[in-house]
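Undergrad:
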Amino acid sequence: MLTNYLQVMTSIATFKLKLPIEFQSTINTAGSPVQTMTYSMDCFLSNLFLFEIQYARMIWQIIMPFVYISFFFTCYLLAIKLKFTSYNKSVITTTIIYMYIYLQTSLVGGFAQIISYRNISGYQWIQANVAQRFDTNYHYQWILKFCTPMIIILFIVIPSYFLHGLSSNSKNLDKNYVKLQWGYLYNEYTKQAYFWELIKIAQKQLMMICLIYYDDYVILKATMIALIIGIYLELSLKYKPYNCNNLNMLDCQIMNVCLATILLASGIYVSEQTNVFEVKIPYFVLITIINVFITYILISKIVVEYLKKAGLNIERIEKIKQTIRKLLPFLNQIPFISKLLQDRREQRKRIVQLYTKLKQFLLPQAKEIIAFKASKLKQDSQRNLEQQILSNQLSLNHAKDQEFLFRESMKQSSLNTSKHILESTVADKINLKRNEQWRVKYGLNQKKLTQTQITSKDKIIKDNEEQ
13 MLTNYLQVMT
23 SIATFKLKLP
33 IEFQSTINTA
43 GSPVQTMTYS
53 MDCFLSNLFL
63 FEIQYARMIW
73 QIIMPFVYIS
83 FFFTCYLLAI
93 KLKFTSYNKS
103 VITTTIIYMY
113 IYLQTSLVGG
123 FAQIISYRNI
133 SGYQWIQANV
143 AQRFDTNYHY
153 QWILKFCTPM
163 IIILFIVIPS
173 YFLHGLSSNS
183 KNLDKNYVKL
193 QWGYLYNEYT
203 KQAYFWELIK
213 IAQKQLMMIC
223 LIYYDDYVIL
233 KATMIALIIG
243 IYLELSLKYK
253 PYNCNNLNML
263 DCQIMNVCLA
273 TILLASGIYV
283 SEQTNVFEVK
293 IPYFVLITII
303 NVFITYILIS
313 KIVVEYLKKA
323 GLNIERIEKI
333 KQTIRKLLPF
343 LNQIPFISKL
353 LQDRREQRKR
363 IVQLYTKLKQ
373 FLLPQAKEII
383 AFKASKLKQD
393 SQRNLEQQIL
403 SNQLSLNHAK
413 DQEFLFRESM
423 KQSSLNTSKH
433 ILESTVADKI
443 NLKRNEQWRV
453 KYGLNQKKLT
463 QTQITSKDKI
473 IKDNEEQ
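Structure follows, in structure tokens:
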């Protein structure tokens, strides 16, 4: 967080303000150490390389991180061989990732200066070295073969590789093998914001490109930087990336300080251009106050966390504070320093006493509350079990009743069906018998009628014969 703050604050040095040289050099050294050291070695580099100094600087800036890493790994391997420490894979990956995060802003800025130009007297000059013309085939070859590939690697390839590694392991961030390789990028962030370090990298790179590409347009680059910081603040408020809420608040405070500093610095630039000097000193005072305040907060938190991790003796720290108070009594007149040098032993004793009293008073009550809750939970679980058993019994009885009713209905239906079939059969037999009786009766009547007709016919014939 401190590194990010210092790298963002390096933008003030590009606003062409009449700042003290010591102040500018301090900011540049803290934010871009390799680039600052490279500028101080121009004579050495001009003798070491045969080509122009602007290209030699960038080659040296690329070589130096590998020198740092090689030196560190050599010391680490010696420590392992001498059994001062054991091998840990995370040391290697963390070192490489840290070097990239810390130095990528300087590298991107240096390459952006080479591919940018200034118009002076109608001619284009390389921004990294205004003694060299920009519009030459020789410089275009350097841009095409050296600068452009390196910018693509630093700005696109490496962050994309980090993002792919994090996103492909986003569901296994708690696994040890993932932490050993990628832990430095996401350990301090929440699982939903595991990519936040890449957001910070993109923020710094975009700011650096804007600062260099629009170097002559101070107000324009100030508004663009303010826009980038504003977008970062909105994303920070949305995602709340840090695991600790205090760190989220501190990050927002840092970005607000950076935003206020950029706006005040642009105001100072305008006042210098328009000769309105009455606002210049108040703006300088405000910039100093807010940056000293936020720097104090950052350094104090770093020191406190370091002391906690180092496990130093509290009594020893208090003795050091006491010695400082005696040797430098005027520091007690400064509020935030006197607060930092305050003797905490009595305060810790009171805290321990209060904690002991609370423990003696609350512990029995807590045990009773826990026992009461446990008994109540047991009763509730027993009651729920009884209700469940009763409910199951009722459900079983209901199922049996339903089965019984179903069987009775089936039996009644079967009886009704049999009775109906029997009645139908009897009725059919009765009807059949009746039909047979009617048929017999009808046959006899027909026979009598036929005989009567025959007899009447015979009688008629006889009467006719007698006549």
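Residue 13 is where the sequence shown starts when you use this note's numbering, and the numbers rise one by one after that. Backbone N, C-alpha and C fix where the C-beta goes; we use that ideal spot for every residue, glycine too.
(1) Go through its chain and collect everything with a Cβ distance to Ile299's Cβ below 6 Å, but skip five positions before and after it.
(2) As a quick exercise: from Leu90, Asn149, Leu166, Thr86, pick the residue whose alpha carbon is nearest that of Gln73.
(3) By the three-class DSSP mapping on this structure, what secondary structure does Ile138 have?
(4) Assess, as a yes-or-no matter, whether the region 239-256 is touched by the region 200-210 under the definition of 3 or more beta carbon pairs within less than 8 Å.
(5) Which of the three DSSP states, helix, strand or coil, is assigned to Tyr229?
(6) On the DSSP bridge assignment, give the partners of Tyr201 in chain order.
(7) With a cut-off of 8 Å, do at least 3 Cβ pairs link the region 226-245 to the region 263-270?
(8) Taking just the CA atoms, how far does Leu389 sit from Leu402?
(9) Which residues does DSSP pair with Tyr129 in a beta bridge?
(10) At the level of alpha carbons, what is the spacing between Lys101 and Tyr295?
(11) Would you mind giving the Cβ-Cβ distance between Gln139 and Ser128, rounded to the nearest angstrom? I have them listed as a contact below 8 Å.
(12) Between which two residues does the alpha helix (DSSP H) carrying Lys157 extend?
(13) When the Cα atoms are used, what is the spatial distance from Ser393 to Gln399?
(14) Would you kindly work out how many angstroms separate the C-alpha atoms of Gln136 and Asn257, rounded to a whole number?
(15) State buried or exposed for Glu209, treating a residue as buried only when at least 16 other CB atoms are found within 10 Å of its CB.
(16) Can you tell me the Cα-Cα spacing of Leu4 and Ile381, whole angstroms?
(17) For His151, which option in Leu406, Ile65, Arg446, Arg362 has the closest C-alpha, if you only look at C-alpha atoms?
(18) With DSSP as the reference, please indicate the residues paired to Arg337 in a beta bridge.
(19) Using only CA atoms, which one of Gly195, Asp228, Ile75 lies nearest to Phe174?
(20) So, for Met111: in the same chain, excluding its five sequence neighbours on each side, which residues have a beta-carbon less than 7 Å away from its beta-carbon?
(21) Applying the criterion that 16 or more other CB atoms from any shown protein chain within 10 Å of the CB defines a buried residue, is Arg69 buried or exposed?
(22) Quick one, which of Phe123, Lys93, Cys87, Lys95 has its alpha-carbon nearest Thr107's?
(23) Just grab the DSSP bridge partners of Arg446 for me.
(24) Taking C-beta to C-beta, are Ile224 and Ala124 nearer than 8 Å?
(25) If I'm right that Leu197 touches Ile109 with Cβ under 8 Å, what's the distance once you round it to whole angstroms?
(26) Name, in chain order, the residues that DSSP records as bridge partners for Arg145.
(27) Could you please give the first and the last residue of the uninterrupted alpha helix (DSSP H) stretch that includes Leu90?
(28) Excluding the 5 residues preceding and the 5 following Cys264 in the sequence, name in chain order all residues of the same chain whose CB lies nearer than 8 Å to its CB.
(29) Quick one: give me the first and last residue of the alpha helix (DSSP H) that Tyr206 is part of.
(30) Considering Phe174, what are the terminal residues of the alpha helix (DSSP H) in which it resides?
(31) Which of helix, strand or coil does DSSP assign to Asn287?
(32) Can you give the Cα-Cα distance for Gln414 and Ser387, rounded to whole angstroms?
(33) Would you mind stating whether Met236 and Tyr226 have Cβ atoms separated by less than 8 Å?
(34) Going by beta carbon distance, what residues of the same chain come within less than 7 Å of Thr307, once the five residues before and after it are set aside?
(35) Just mark Met261 as buried or exposed, buried being the case when its beta carbon has 16 or more other beta carbons within 10 Å.
TA: Based on what the coordinates show:
(1) Sequence-distant partners of Ile299 (beyond 5 residues in either direction) whose C-beta falls short of 6 Å from its own C-beta, in its chain, are Thr273, Leu276.
(2) For Gln73, the nearest C-alpha among the options comes from Leu166.
(3) Looking at Ile138 - three-state DSSP - the assignment turns out to be strand.
(4) The region 200-210, when compared against the region 239-256, does touch it at the 8 Å Cβ threshold.
(5) Three-state result, Tyr229: coil.
(6) DSSP, once it has assigned bridges, lists Tyr254 as partnering Tyr201.
(7) Yes, since at least three Cβ pairs between the region 226-245 and the region 263-270 fall closer than 8 Å, the two stretches touch.
(8) So the alpha carbons of these two residues sit roughly 20 Å apart.
(9) Note: Tyr129 is bridge-paired with Ile138 in the DSSP secondary-structure output.
(10) The straight-line gap from Cα to Cα measures roughly 49 Å.
(11) Contact holds; Cβ gap of about 4 Å.
(12) No residue range can be given for Lys157, since it is assigned to no alpha helix (DSSP H) and is classified by DSSP as neither H nor E.
(13) Between the C-alpha atoms of Ser393 and Gln399 there is a straight-line separation of about 10 Å.
(14) Here the C-alpha atom of Gln136 lies approximately 50 Å from the C-alpha atom of Asn257.
(15) Buried is the call here.
(16) Since the first residue of the chain shown is 13 and the last is 479, residue 4 is not available in this structure.
(17) Among Leu406, Ile65, Arg446, Arg362, the Cα nearest to that of His151 is on Ile65.
(18) Among the bridge pairs identified by DSSP, Arg337 is matched with none.
(19) Ranking Gly195, Asp228, Ile75 by Cα distance to Phe174 puts Gly195 first.
(20) Contacts found: Pro77, Tyr80, Ile81.
(21) By the 16-neighbour rule on beta-carbons within 10 angstroms, Arg69 is buried.
(22) Of the candidates Phe123, Lys93, Cys87, Lys95, the residue whose Cα lies closest to the Cα of Thr107 is Cys87.
(23) DSSP lists no partner for Arg446.
(24) In this structure, the beta-carbon distance from Ile224 to Ala124 falls below 8 Å.
(25) Taking 8 Å as the upper bound for CB-CB distance, Leu197 and Ile109 are in contact here, some 6 Å apart.
(26) As a beta-bridge residue in DSSP terms, Arg145 pairs with Trp137.
(27) In the DSSP assignment, Leu90 falls within the unbroken alpha helix (DSSP H) covering 65-93.
(28) Result list for Cys264: Leu245, Ser248, Leu249, in chain order.
(29) For Tyr206, no alpha helix (DSSP H) segment is defined, and its DSSP state is neither H nor E.
(30) Start and end: 170-180.
(31) In the three-state DSSP reduction, Asn287 falls in the coil class, being neither helix nor strand.
(32) Taking the straight line joining both Cα atoms gives about 40 Å.
(33) Yes. Within cutoff.
(34) Same-chain partners within the cutoff: there are none.
(35) By the neighbour-count rule (16 or more Cβ atoms within 10 Å), Met261 is not buried but exposed.
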